[in-house]
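Below is one structure, written out as structure tokens; the observations come after it.
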Amino acid sequence: MTQRKRIALLSTGGTIASAPGTEGRAIAGALPGEQLLASTQLEGVIDVHVESVFQKASNSIAAPEWAHLAKRCRMLAEKGDIDGIVITHGTDTLEDTAYYLHSTLDTQSVPVVVTGSQRTPHAMGSDAFSNLRQALELAANDKARSLGVLVSFNQSVYSAGFVRKVSSYQLNGFDAPGLGPVGLLDNGEFHLLQWPARQALLPVPDQLVRVDILPVYGGADRSTAESLVRSGCQGLVIDGLGRGQVPPSWVSVIENAIQDGLVVAVCSSTLHGAVHESYDYPGALHDLVLAGAVSVSHVSARKARIRLALSLSAFGAQLDAIRSAFEWRSPFP
Ligand code: ASP
694 MTQRKRIALL
704 STGGTIASAP
714 GTEGRAIAGA
724 LPGEQLLAST
734 QLEGVIDVHV
744 ESVFQKASNS
754 IAAPEWAHLA
764 KRCRMLAEKG
774 DIDGIVITHG
784 TDTLEDTAYY
794 LHSTLDTQSV
804 PVVVTGSQRT
814 PHAMGSDAFS
824 NLRQALELAA
834 NDKARSLGVL
844 VSFNQSVYSA
854 GFVRKVSSYQ
864 LNGFDAPGLG
874 PVGLLDNGEF
884 HLLQWPARQA
894 LLPVPDQLVR
904 VDILPVYGGA
914 DRSTAESLVR
924 SGCQGLVIDG
934 LGRGQVPPSW
944 VSVIENAIQD
954 GLVVAVCSST
964 LHGAVHESYD
974 YPGALHDLVL
984 AGAVSVSHVS
994 ARKARIRLAL
1004 SLSAFGAQLD
1014 AIRSAFEWRS
1024 PFP
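Using the numbering used here, the letters of the sequence shown map in sequence onto residues 694 to 1026.
So this is what it looks like as structure tokens:
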């Protein structure tokens, strides 16, 4: 007889763990993990050990919680008595937590799967229990190893390297735009269809360096850039237009800030595609790169912010090390 798989379920709160509040509003995180698990009908199929790590809405989850979760996952994996880890999380910042863990955890022997739900457990047609059940089944599957951290949602499995929340309310709430899921979950089976490219693993710092995001949009004022570069952050991610452009009036602000020691990365605010020095006009990516900015591709600004913060915490302002931390590599050793 094959031994039952053992999964650690770390619950952190969010809609998936919410209880009814007043006037139809939900209290995110009010439901403990044990109660959630009871409705997955996996008793006797998978052995699940529940830990209610936090009971928070995900807008309250940030660097201290990320570090705590990463260390807890590492400890559980090193103990050697579990086959997988599932983390339940609010969907609003699920992609941030999942990417932090993806950037810091080795999943060779113990898969790590993050899930949540769009509807509360008490809502009609809730996806809370089906998403949790699918995440547990995925974490118990040997094929989920070595893929990096995975996000399981609505029967689709995404690499945490590329996943984004794409709907504020529909059950199909997540996607990896332009790339799609790495696999599908169907009747308890994991159909693995793609191996996601990877980035280097980075250490979990005691204190994460502060990095902010500067959004770019038509008509954005120079004063917005000026106030953010002076706000005390050590790193800045510019969520650039298209191939990585900013308004012409911003170039000198960025140049001066870089000369004063700010580390600046530029990504694209589009959902898919790389930044590129395609243009020769004021404010084009070429100007920013000449000023010393690092251009980064295939990461959202939210993910770039986390990776830049982890890189700055690990290497300081060494631009070559930071560039290399953003490189995409083959998943095969
Ligand atoms: N507001 C909730 C949260 O992120 C949304 C969710 O969990 O779906 O905590």
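Ideal Cβ placement from N, Cα and C applies to all residues, glycine included.
As a quick exercise: from the options, pick the residue whose alpha carbon is nearest that of residue i.
| i | options | result |
| --- | --- | --- |
| N949 | I780, Q938, S961, R923 | R923 |
| Q748 | A763, A712, Y974 | A712 |
| T963 | H991, V946, P940 | H991 |
| L921 | A893, S751, I906 | I906 |
| D868 | A853, P908, E919, E882 | A853 |
| T790 | P1026, R1016, A997, S1017 | A997 |
| G722 | L843, S745, I739 | S745 |
| Y972 | V902, S993, D980 | D980 |
| H965 | V989, D953, Q952 | V989 |
| Q900 | I951, A1007, G714 | A1007 |
| A755 | L787, V741, H742 | L787 |
| H782 | D776, G871, T808, K858 | T808 |
| A1018 | G1009, P1026, F1025 | G1009 |
| G876 | I700, P898, Y862, K836 | K836 |
| V743 | L729, S753, G737 | L729 |
| Y862 | E882, G911, N834, R812 | R812 |
| G871 | N834, A967, R699 | A967 |
| M817 | E882, F883, S753, G717 | G717 |
| W888 | W1021, K772, Q952, I947 | W1021 |
| E882 | S860, G773, T715, N834 | N834 |
Looking at residue i: is its Cβ nearer than 8 Å to the Cβ of residue j?
| i | j | result |
| --- | --- | --- |
| L983 | R936 | no |
| S845 | L878 | yes |
| V850 | A832 | no |
| V904 | Q927 | yes |
| N847 | I709 | no |
| G726 | L702 | yes |
| T784 | S732 | no |
| I739 | L829 | yes |
| R826 | L724 | no |
| S1023 | A890 | yes |
| C960 | A913 | no |
| T695 | I780 | no |
| V897 | K764 | yes |
Look up residue i in the DSSP assignment and say whether it is helix, strand or coil.
| i | result |
| --- | --- |
| D789 | helix |
| Q660 | The first residue shown for the chain is 694 and the last is 1026, placing residue 660 beyond what the model contains. |
| D740 | strand |
| F1069 | Residue 1069 lies beyond the stretch modelled for the chain, which goes from 694 to 1026, so this question has no answer here. |
| R697 | coil |
| Q952 | helix |
| A712 | strand |
| V805 | strand |
| R891 | strand |
| V930 | strand |
| S810 | coil |
| G726 | helix |
| H782 | coil |
| R1022 | strand |
| D835 | helix |
| A958 | strand |
| L843 | strand |
| P908 | strand |
| A719 | strand |
| L901 | coil |
| H795 | helix |
| E882 | strand |
| Q748 | strand |
| L735 | coil |
| V875 | coil |
Within a Cβ cutoff of 7 Å, which residues of the same chain sit near residue i, ignoring the five residues on either side of it in sequence?
| i | result |
| --- | --- |
| S942 | R915 |
| S1012 | Note that residue 1012 corresponds to Leu in the displayed sequence, not to Ser. Here the set comprises V987. |
| G976 | Q938, V939, P940, P941, W943, V944 |
| L934 | V909, S962 |
| C766 | I778, L794, L798, V805 |
| T800 | R838, S839, L840, G841, V842 |
| V856 | E788, A791, V844, F867, A869 |
Less than 6 Å between C-beta atoms, sequence neighbours within five positions excluded: which residues of the same chain meet that for residue i?
| i | result |
| --- | --- |
| Y793 | W759, I999 |
| S810 | T708, I709, D820, A821, N824 |
| H815 | P713 |
| N865 | N847 |
| R699 | D740, I775, D776 |
| G985 | I951 |
| V859 | D868 |
Identify, in the order they occur along the chain, each residue of the same chain with its Cβ nearer than 8 Å to the Cβ of residue i, setting aside the five sequence neighbours on each side.
| i | result |
| --- | --- |
| S802 | A770, R838 |
| S796 | Q892, L894, L895, I999, R1000, L1003 |
| L955 | V922, C926, Q927, G928, L929 |
| L1005 | V902, V904, Q927, G928, V956, I1015 |
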